[in-house]
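These protein sequence lines map, in sequence, to chains A and B.
The number in the numbering used here is simply the position in the first sequence, starting from 1, with 900 added.
The number in the numbering used here is simply the position in the second sequence, starting from 1, with 23 added.
Glycine residues also receive a C-beta, built at the ideal position from the N, C-alpha and C atoms.
A short write-up of the structure that comes next.
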Amino acid sequence: MQELVKRAKELLADGTVTRVLGWKKGDLAYNPEPAFFENEEALSEFVYDSFCGANLSKYMIEASKKEGKTLVFLKPCDTYSFNQLLKEHRVLREKAYIVGVGCAGKISAEKMKEAGISGILEVEGADALNPSETLKVKTLYGDKEVSYKDVMLERCHVCKGKDHMIYDEIIGESRDTLDGDRMEKVREIEAMSPEEKFAFFQSELSRCIRCNACRNVCPACSCRKCVFDSTKFDSAQKANVDSFEEKMFHVIRAFHVAGRCTDCGECSRVCPQNIPLHLFNRKLISDMNEFYGEYQAGADAETKGPLTAFTQDDIEPSEARERG
Amino acid sequence: MQRIGVFVCHCGSNIAATVDVKRVVETVKKEQGVVHAEDYPYMCSEAGQALIAAAIKEKNLGGIVVCSCSPRMHEATFRKAAERAGLNPYMVEIANIREHCSWIHKDMEEATEKAVILARAAIAKVHLNSHLQPGESLVTKRALVIGGGIAGIQTALDIAEAGYEVDIVEKTPSIGGRMSQLDKTFPTLDCSACILTPKMVDAAAHEKINLYTYSEVESVSGFVGNFSVDIRKKARFVDMNKCTGCGLCQEKCPSKKAKSEFNRGLNTRSAIYTPFAQAIPNVPVIDTESCVKMKTGKCGLCEKVCQAGAIDYSQKDEIITEKYGAIVVATGFDTINLDQYGEYAYNESPDVITSLELERVMNAAGPTKGHLERLSDGKAPKEIVFIQCVGSRCDDHRGKPYCSKICCMYTAKHAMLIRDKYPDVNVTVFYIDVRTPGKNFDEFYRRAVEEYGVNYIKGQVGKVVPQPDGSLLVQGSDLLDGKQIKMRADMVVLATAIEPEAGVRKIATMLTASIDTNNFLTEAHPKLRPVESPTAGVFLSGVCQGPKDIPETVSQAGAAAVKVIGLLAKDKLLTNPCTAESDTLLCNGCSVCQNVCPYGAIGYEDKEVNDHGIRETRRVAVVNSALCQGCGACTVACPSGAMDLKGFSNRQILAEVDAICR
Chain A
901 MQELVKRAKE LLADGTVTRV LGWKKGDLAY NPEPAFFENE EALSEFVYDS FCGANLSKYM
961 IEASKKEGKT LVFLKPCDTY SFNQLLKEHR VLREKAYIVG VGCAGKISAE KMKEAGISGI
1021 LEVEGADALN PSETLKVKTL YGDKEVSYKD VMLERCHVCK GKDHMIYDEI IGESRDTLDG
1081 DRMEKVREIE AMSPEEKFAF FQSELSRCIR CNACRNVCPA CSCRKCVFDS TKFDSAQKAN
1141 VDSFEEKMFH VIRAFHVAGR CTDCGECSRV CPQNIPLHLF NRKLISDMNE FYGEYQAGAD
1201 AETKGPLTAF TQDDIEPSEA RERG
Chain B
24 MQRIGVFVCH CGSNIAATVD VKRVVETVKK EQGVVHAEDY PYMCSEAGQA LIAAAIKEKN
84 LGGIVVCSCS PRMHEATFRK AAERAGLNPY MVEIANIREH CSWIHKDMEE ATEKAVILAR
144 AAIAKVHLNS HLQPGESLVT KRALVIGGGI AGIQTALDIA EAGYEVDIVE KTPSIGGRMS
204 QLDKTFPTLD CSACILTPKM VDAAAHEKIN LYTYSEVESV SGFVGNFSVD IRKKARFVDM
264 NKCTGCGLCQ EKCPSKKAKS EFNRGLNTRS AIYTPFAQAI PNVPVIDTES CVKMKTGKCG
324 LCEKVCQAGA IDYSQKDEII TEKYGAIVVA TGFDTINLDQ YGEYAYNESP DVITSLELER
384 VMNAAGPTKG HLERLSDGKA PKEIVFIQCV GSRCDDHRGK PYCSKICCMY TAKHAMLIRD
444 KYPDVNVTVF YIDVRTPGKN FDEFYRRAVE EYGVNYIKGQ VGKVVPQPDG SLLVQGSDLL
504 DGKQIKMRAD MVVLATAIEP EAGVRKIATM LTASIDTNNF LTEAHPKLRP VESPTAGVFL
564 SGVCQGPKDI PETVSQAGAA AVKVIGLLAK DKLLTNPCTA ESDTLLCNGC SVCQNVCPYG
624 AIGYEDKEVN DHGIRETRRV AVVNSALCQG CGACTVACPS GAMDLKGFSN RQILAEVDAI
684 CR
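Following this line, the structure appears as structure tokens:
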């Protein structure tokens, strides 16, 4: 972490960048938050530990409108989002100085809670670049130990890889954390009957409190004005009068980000109700891969997405319908 | 809130027999804003239109809904009627209660309920319609014909005769197409070349016709009256202006192993070649895959012998861009691949050939100089079997479900010609049905049977087995006698199904012209608009639209030409005002709309915006309404809903859905 701070100070000092976009300490041991650091002194608050799951790409939309360059720290998976935003002209490459940071997989307090640990006061061994196999956790209820892997975010178990897709320089090594199958749950849901599917999503989505955290954190949900906040489309009004309002919101959102979602997993990470929202996106990714060939949004900033590129090999609608 | 009138058509009994029109009228009267509703047997008739006009004036209607047939049929009729009565024509909506309702339902109760729902959706939409004004666009007075076979040649000649410039793009080195490969033509037995070559010469010599041979259409943009087409002129490696067509290069070329495309691969040709003697232009091309110079750098014999200095190994493909007002597709056909039909031993025995190959065998310029002989050993056949419907009228995945239409007649022709020239040869034809609708067609077939003694057997051949002695064992059934037949043959000729030329799908995509499951281009209307594609400004000529023989092709080619002439005779076209527009306050500038726009109508500008007090310069989408065709692809792709289509706004469509789901 000190290496990142040191480099940030250098870049501020030599005028390469005018501000730094990173994470700062939160009020608790496990909730660092995205922050802009305007000068060297402010960097004393800077933190980069295993809880820094937040993807900073989306903040570059606002940073691109500011004077001067912004130093942004991006983990390998965050760089996909940055590329996608670049492709959509939402961020400006020349306004960003990208330091790719190593990642050893991110953990969360929610996962710790699932592992039976709450009242967290302090966590030892959660160094972002070189974490311990076992975390030592001081809690209100005494000292506990837990395996790092067991409290890692689901998205890290299906990690897209250790490579940064776009960067100016890289600090720190990344670790291989892939040990799961990204589409396993999707296939499980696909195998359900329509009734079972509906029941599954109803039970998950009915917990939604429409806090909009998923939308606000999503790098693909970058519209100046969301259709759900506008009076022009009646979408919000329609959703409001539906007895199962949440399904409309989440299904419409999934379709709006289809072909653009990099599967960064931020939606599920920030959901206060622990709804596995990423499953919608993965289902669409899985279908698009099958229909139009393998495609990873954000792998570069040029390739047209499957839904915005027409090719001779595109599946015929009738065939797509047959396959369901 | 508009004052709306609803007009329900009976369409004789087309609608009224299945939909209770009176009940539709009574029910829609209760809809919000409906101040007038009535029914009439034929709303599209003069009297029907007069009813609409009278109601618009008397009831001061602000919008009307006509419940009738498809808008493709009569939307324009009713819009004009409304306009004459002083109403903006875009305040007319059609509820399609015929194709979408009465024709596909049997139960009157259900059909009536659906008709009411469709009317309700149209009423909900017309409430949100706005007064649109069409623009104007100029017409480029030049036509493009894709394909230089008899269809393309005839279309081009007819257009050129009317005084308009025409370009023909032909992918092979010469115009002439399939017809140039035929020996004789039914039902008159005149020589194909004798009637085709004069037309080829006429086309080449016509001052209004410009030939792009050995060229392909690379991309198409624009719209009716204003197409812009990129044409790839493939490198010939021979200078068209210098070449005298003496043919010495072909004679001296040491590489003579390439299969002759013109002779269907039955013999070989040189690496530098013209496909056939009467080729137009009579300028050879170098096939880079066979040319020794191209492959190894050594040789250059053609360059040395060419006294005109026409050989140029450094030639490159050239892309030229031309503007056209209309485009005619005349891409023709090929025979299907027979790999799936192992039972006929086509790939095993050189003595099993397709009918098109037989044309070459029987032609004086063909691989056997016109002598009927077995391709395996050059011996004269004594027993020839023709098998009909190979891949045609086929209900499995191997073949085509349609009748190829020309096979019955050309087989009768082949049988008759063989019996005439070689009376000692026995000819047997296995057929499912003999189909001879056409002027002098059945007489022709009967002559084959009655005068020439061709043996027709109703039944299919199950297997052709090459024998050790070089003959072929044909196993079939005679359905009339109920017998299995085993017979020896020296030659088997397969009446192979025809299918649209392989490249047509790509061309249809470029033109956004629709295509059916068999790759035939679709007509705007199967009966009333058979030579027009549903895409405005795109016309169809020849077999690309469906199987047809030469006289039919020539008639259709002329019809397509008339449609083109009708279009090019206009100076200006009214443009559709239903175009997309972008809301600069909502636009993210993400380029998704630009990526999906098939017409290249969307660009981006940095615009100063005032978004509720926030002044900033934003990258926003701008629609060129002259190019926009109102397809709506951008409106569904736009994630923020900034793109909307005039006349089909998101709000209007949702209002329709709401009305249907109410």
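Along chain A, which residues have their Cβ under 8 Å away from the Cβ of residue i?
i	result
B:Ser663	Cys1123, Arg1124, Lys1125, Cys1126 and Val1127
B:Lys529	Gln1212
Along chain B, which residues have their Cβ under 7 Å away from the Cβ of residue i?
i	result
A:His1178	The contacting residues do not exist; A:His1178 stays about 18 Å from chain B at best.
A:Ala1220	Those within 7 Å of A:Ala1220 in chain B number zero; the least Cβ separation is about 15 Å.
Please determine, among the options, the residue with the shortest C-alpha to C-alpha distance to residue i.
i	options	result
B:Val375	B:Glu61, B:Ser494 and B:Leu591	B:Ser494
B:Glu366	B:Cys32, B:Leu517 and B:Cys430	B:Leu517
A:Ala1154	A:Asp1142, A:Cys1171, A:Asp1129 and A:Cys1114	A:Cys1114
A:Gly1000	A:Val1117, A:Val1086 and A:Ala908	A:Ala908
B:Gln156	B:Gln330, B:Arg255, B:Leu597 and B:Ala438	B:Leu597
B:Ala147	B:Glu184, B:Arg102, B:Pro489 and B:Val88	B:Val88
B:Asp62	B:Ala142, B:Glu106 and B:Lys103	B:Ala142
B:Ile182	B:Ser614, B:Ile588 and B:Asn633	B:Ile588
A:Arg990	A:Ser964, A:Lys1044, A:Lys906 and A:Met1188	A:Ser964
B:Gly461	B:Gly56, B:Val477, B:Phe209 and B:Lys52	B:Phe209
A:His928	A:Leu971, A:Asn983, A:Thr1039 and A:Lys995	First, the residue type needs correcting, since residue 928 of chain A is Leu and not His in the sequence shown. Nearest option by C-alpha distance: A:Thr1039.
B:Asp400	B:Ser244, B:Cys426, B:Val497 and B:Pro373	B:Pro373
B:Ser556	B:Val51, B:Arg95 and B:Cys214	B:Arg95
A:Asp1079	A:Ile1071, A:Cys1059 and A:Phe1098	A:Cys1059
B:Asp465	B:Asn541, B:Gly485 and B:Tyr433	B:Tyr433
A:Leu1029	A:Ala996, A:Asp1050, A:Arg993 and A:Ile1071	A:Ile1071
Could you tell me which chain A residues have their CB closer than 9 Å to the CB of residue i, listed as they occur along the chain?
i	result
B:Arg642	His989
B:Lys194	Simply none; closest approach about 17 Å.
B:Lys481	Those do not exist, as B:Lys481 stays about 37 Å from chain A at its closest Cβ, beyond 9 Å.
B:Thr532	Phe1210 and Gln1212
B:Leu677	Phe1133, Asp1134, Ser1135 and Lys1138
Starting from residue i, trace the beta strand (DSSP E) in both directions and tell me its first and last residue.
i	result
B:Leu234	Ile232 to Tyr235
B:Ala512	Lys506 to Ala512
B:Phe562	Val561 to Leu563
B:Thr598	Lys595 to Thr598
A:Pro934	Glu933 to Phe937
A:Val999	Ala996 to Val1001
A:Lys1036	Thr1034 to Thr1039
Tell me the residue span of the alpha helix (DSSP H) that contains residue i.
i	result
A:Val1086	Glu1084 to Glu1090
B:Ala60	Premise fails: B:Ala60 lies in the beta strand (DSSP E), Val57 to Tyr63, not in any alpha helix (DSSP H).
A:Tyr959	Tyr959 to Ala963
B:Ser378	Ser378 to Met385
Strictly below 7 Å CB to CB, what residues from chain A border residue i?
i	result
B:Thr658	Those do not exist, as B:Thr658 stays about 11 Å from chain A at its closest Cβ, beyond 7 Å.
B:Asn618	Lys1204, Thr1208 and Ala1209
B:Asn673	Phe1133
B:Lys630	Here the premise fails: no neighbours, minimum Cβ distance about 13 Å.
List the residues of chain B that residue i touches, going by C-beta distances under 9 Å, in chain order.
i	result
A:His1156	Pro662 and Ser663
Examine the ligand FAD and report whether any of its heavy atoms sits within less than 7 Å of the Cβ of residue i.
i	result
B:Met66	With respect to small molecules bound, the structure shown includes none, and the ligand FAD cannot be examined in it.
- Would you call the region 1003-1018 of chain A and the region 1035-1045 of chain A in contact, with 3 or more CB pairs under 8 Å? yes
- Pull out every residue of the region 589-614 of chain B whose Cβ sits closer than 7 Å to any Cβ of chain A, in chain order. Leu609, Asn611, Gly612, Cys613 and Ser614
- Can at least three beta-carbon pairs, one atom from the region 569-580 of chain B and one from the region 254-265 of chain B, be found at a separation below 8 Å? no
- Message: Give me the subset of the region 1190-1211 of chain A whose CB atoms are less than 9 Å from a CB atom of chain B, sorted by chain position.
- Response: Lys1204, Gly1205, Leu1207, Thr1208, Ala1209 and Phe1210
- Hey, is the region 63-82 of chain B in contact with the region 102-115 of chain B, meaning 3+ C-beta pairs nearer than 8 Å? yes
- Message: Under 9 Å, CB to CB, which of the residues in the region 1131-1145 of chain A have a partner in chain B?
- Response: Lys1132, Phe1133, Asp1134, Ser1135 and Lys1138
- Item | Three or more C-beta pairs below 8 Å linking the region 156-163 of chain B and the region 189-204 of chain B | no
- Between the region 1195-1215 of chain A and the region 616-623 of chain B, do three or more beta carbon pairs fall short of 8 Å? yes
- Query: Quick one: any contact between the region 630-643 of chain B and the region 117-128 of chain B, if contact means 3 or more CB pairs under 8 Å?
  - Reply: At 8 Å Cβ cutoff, the stretches do not touch.
- Message: Using 8 Å as the cut-off, can you tell me whether the region 942-961 of chain A makes contact with the region 916-931 of chain A, which would need three or more C-beta pairs spanning the two stretches below that distance?
- Response: yes
- Query: For the region 400-411 of chain B against the region 447-459 of chain B, are there 3 or more C-beta pairs whose distance is under 8 Å?
  - Reply: yes
- Task: Indicate whether the contact test is met: 3 or more Cβ pairs, each with one atom in the region 235-251 of chain B and one in the region 466-478 of chain B, closer than 8 Å.
- Result: no
- Check whether the region 225-236 of chain B touches the region 322-332 of chain B, taking contact to mean three or more Cβ pairs, one atom from each stretch, closer than 8 Å. no
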